[in-house]
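Single-structure report; data block below.
Numbering (the numbering used here), first residue to last: 192 to 508.
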């Protein structure tokens with residue numbers, strides 16, 4: 192118990208919340224509706240994770256979500272998701288309401304939800320649109336483990352799901368601490384690992400540093416990020432442009448590939464002579480991971496993500 196308590200304290204010190212700049216989005220396909228929505232005027236006001244004042248009805252049940260993480264939070268808290276982006280896995284009973292970067296505000300308004308839940312971490316370019324929308328919009332904003340725990344509690348309180356939020360947080364914390372303890376034991380037996388996170392393909396390859404979501408998860412498990420200071424120029428916060436040959440010289444033990452485009456980056460590395468002598472290629476440890484789980488949806492599935500990384504990096508002994 193003392194070891195577990197010590198690890199929890201260490202996680203609280205090490206895992207500082209990582210801010211992320213707003214992502215640029217293409218123009219929205221529909222104008223933000225300014226006509227009166229179907230939800231009555233809010234009887235209470237809460238502050239969301241983007242610092243916005245959000246008027247809410249006394250009871251929140253039916254929600255529309257506009258991003259993958261928002262969908263995970265809503266369902267984990269037991270809310271009825273009646274609308275969601277078309278670029279996440281379809282779920283029966285949820286209508287498509289545009290995409291994550293291009294919400295269809297008219298379609299959202301037509302559903303008359305009690306609340307719309309968005310994600311400021313990946314929809315920052317839409318905040319002005321959300322501000323103009325007549326229906327209440329609560330924005331979560333969590334790009335690391337500690338911020339996710341905070342988001343669970345705050346959204347649970349905003350939607351009247353405090354008990355569900357407490358149970359969810361306790362489950363996440365227990366699973367993450369268990370995974371971190373298991374990783375410490377496996378590192379002691381098998382040694383530390385240098386892990387490189389890559390995405391892109393062809394000449395456009397990007398490496399992820401410790402400030403990324405997946406980098407934060409690696410730090411929880413005690414894995415060493417092979418790129419401590421990523422160069423500038425990446426398409427996503429915490430990712431930087433890197434030459435594939437320069438990446439090979441980092442000599443990673445494991446390469447985690449976040450698929451993009453034609454998802455050919457893993458095969459590209461295995462076929463590149465510059466990578467032939469790297470531990471990752473020699474030992475068959477260039478692994479393609481779930482882009483939604485480790486990039487697009489930092490949220491209540493964080494424990495699943497941590498457990499998946501634990502199994503990928505250190506096989507159970």
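Glycine included, each C-beta is placed from N, C-alpha and C at the ideal position.
C-beta atoms of residue i and residue j nearer than 7 Å
{"i": "residue 294", "j": "residue 257", "result": "yes"}
{"i": "residue 255", "j": "residue 284", "result": "no"}
{"i": "residue 456", "j": "residue 327", "result": "no"}
{"i": "residue 387", "j": "residue 443", "result": "yes"}
Residue environment, residue i, which counts as buried when at least 16 other CB atoms sit within 10 Å
{"i": "residue 440", "result": "exposed"}
{"i": "residue 380", "result": "exposed"}
{"i": "residue 314", "result": "buried"}
{"i": "residue 250", "result": "exposed"}
{"i": "residue 454", "result": "exposed"}
{"i": "residue 350", "result": "buried"}
{"i": "residue 474", "result": "exposed"}
{"i": "residue 357", "result": "exposed"}
{"i": "residue 393", "result": "exposed"}
{"i": "residue 238", "result": "exposed"}
{"i": "residue 382", "result": "exposed"}
{"i": "residue 506", "result": "exposed"}
beta-carbon residue i near the ligand ZN non-hydrogen atom, thresh 6 Å
{"i": "residue 418", "result": "Among the ligands in the structure shown, none appear at all, so the ligand ZN cannot be discussed."}
Residue i versus the options, residue with shortest Cα-Cα distance
{"i": "residue 488", "options": "331, 287, 240", "result": "331"}
{"i": "residue 451", "options": "442, 482, 462", "result": "482"}
{"i": "residue 412", "options": "304, 239, 443, 372", "result": "372"}
{"i": "residue 478", "options": "490, 458, 353, 270", "result": "458"}
{"i": "residue 437", "options": "414, 464, 322", "result": "464"}
{"i": "residue 359", "options": "263, 305, 446, 287", "result": "263"}
{"i": "residue 424", "options": "400, 405, 303, 415", "result": "400"}
{"i": "residue 426", "options": "486, 289, 306", "result": "486"}
{"i": "residue 265", "options": "353, 297, 322", "result": "353"}
{"i": "residue 325", "options": "302, 333, 364", "result": "302"}
{"i": "residue 318", "options": "244, 378, 334", "result": "244"}
{"i": "residue 292", "options": "269, 268, 320", "result": "320"}
{"i": "residue 363", "options": "378, 342, 377, 376", "result": "342"}
Own chain, CB closer than 8 Å to residue i, minus 5 neighbours either side, in chain order
{"i": "residue 484", "result": "492, 495, 496, 499"}
{"i": "residue 433", "result": "389, 396, 397, 398, 418, 421, 422"}
{"i": "residue 367", "result": "202, 336, 411, 493, 494, 497"}
Presumed contact (8 Å Cβ cut-off) between residue i and residue j, rounded CB distance
{"i": "residue 311", "j": "residue 241", "result": "4 Å"}
{"i": "residue 374", "j": "residue 501", "result": "6 Å"}
{"i": "residue 384", "j": "residue 414", "result": "5 Å"}
{"i": "residue 308", "j": "residue 261", "result": "4 Å"}
{"i": "residue 490", "j": "residue 339", "result": "6 Å"}
{"i": "residue 268", "j": "residue 355", "result": "5 Å"}
Chain-order list of residues whose beta-carbon lies under 6 Å from that of residue i (same chain, five-residue window excluded)
{"i": "residue 403", "result": "429"}
{"i": "residue 235", "result": "247"}
{"i": "residue 476", "result": "445"}
{"i": "residue 200", "result": "Low local confidence applies: a pLDDT of 46 at residue 200 is under 50, so the model's placement there is unreliable, with the coordinate-based value given in what follows. Cβ within range, chain order: n/a, list empty."}
{"i": "residue 289", "result": "295"}
{"i": "residue 480", "result": "447"}
Residues near residue i by beta carbon distance below 7 Å, same chain, minus five either side
{"i": "residue 472", "result": "460, 461, 466"}
{"i": "residue 345", "result": "240"}
{"i": "residue 391", "result": "397, 451, 456"}
{"i": "residue 231", "result": "Bear in mind that a pLDDT of 47 at residue 231, under 50, signals an unreliable position, so the number given afterwards is only what the model happens to contain. 248, listed in sequence order."}
{"i": "residue 253", "result": "271, 273, 304, 305"}
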